[in-house]
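Those protein sequences? They're chains A and B, same order as listed. Positions 1 to 115 (this note's numbering) are the ones given, in order, by the first sequence. Positions 1001 to 1111 (this note's numbering) are the ones given, in order, by the second sequence.
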Amino acid sequence: DTAVSQTPKYLVTQMGNDKSIKCEQNLGHDTMYWYKQDSKKFLKIMFSYNNKELIINETVPNRFSPKSPDKAHLNLHINSLELGDSAVYFCASSQDGLLPRYGYTFGSGTRLTVV
Amino acid sequence: QQQVKQSPQSLIVQKGGISIINCAYENTAFDYFPWYQQFPGKGPALLIAIRPDVSEKKEGRFTISFNKSAKQFSLHIMDSQPGDSATYFCAASISDYKLSFGAGTTVTVRA
């Protein structure tokens, strides 16, 4: 019954590999996000999709490519992984017009470790 | 560039004490200021939020104080409990669009 679910929860991979993280929300929300949380716990937005349309694309290396096949899914593909990509990646969703009352609903995160 | 500056980085409080976390911002277009609570291994969760037309909002033991002229807002946790031990993030956005988070404050409540 998880509202925002991410897979995998942990990902350990070697430099240079390509990996994907998947996110699904069953809340019927219109907007989904990817945030990166670094080792100092700082949360930085990477991308946002509203009804499958990209609306936020922060300064992120183009090795990162989001894909939203439908409103309930937002995946993150990372090419040529680097040591600096090691972080916890959070998927989140929100309902248009209801952010003040309900905020973002975050997934539990994917801890990516690049070795 | 961090749009919301948060302090302190960490704090320790005794059970029953008051925890105070402060945030400051520069962008006067911000009109939504939430606080999120994050436990280890979990994603952040909305705790309480305020609009700039209100100077204070209270929900249970959690209170936001907002000072529009100083461009500052703070979270007070009254009667702090060990279960409140977590990382707290302030955030801000313009018209509910794209939350920018502070750096986080790790709160430890000692029994």
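No residue lacks a Cβ here, since even glycine has one placed at the ideal position from N, Cα and C.
- Interface annotation, Y10(A): not in contact with chain B, CB-CB separation never under 8 Å.
- In the pairwise beta carbon analysis, the region 1006 to 1023 of chain B is classified as not touching the region 63 to 82 of chain A: fewer than three pairs are separated by under 8 Å.
- Counting the other Cβ atoms within 10 Å of the Cβ of Y1025(B) gives 16 or more, which makes it buried.
- Within the region 46 to 76 of chain A, S48 and I56 place their CB atoms closer than 8 Å to a CB of chain B, listed in sequence order.
- The shortest CA-to-CA distance from K41(A) to any of F1089(B), N1067(B) and W1035(B) is the one to F1089(B).
- Taking each of M32(A), K19(A), D18(A) and G16(A) in turn and checking the Cα distance to A72(A), the smallest one comes out for M32(A).
- CA-to-CA, the gap between L27(A) and S1080(B) works out to about 32 Å.
- P66(A) has L76(A) as its beta-bridge partners, per DSSP.
- Relative to G16(A), the option among M46(A), I56(A), L81(A) and T2(A) whose CA is nearest is L81(A).
- The alpha-carbon separation between L54(A) and I1018(B) amounts to approximately 42 Å.
- Burial state of F1033(B) is buried, judged by a 10 Å Cβ sphere holding 16 or more other Cβ atoms.
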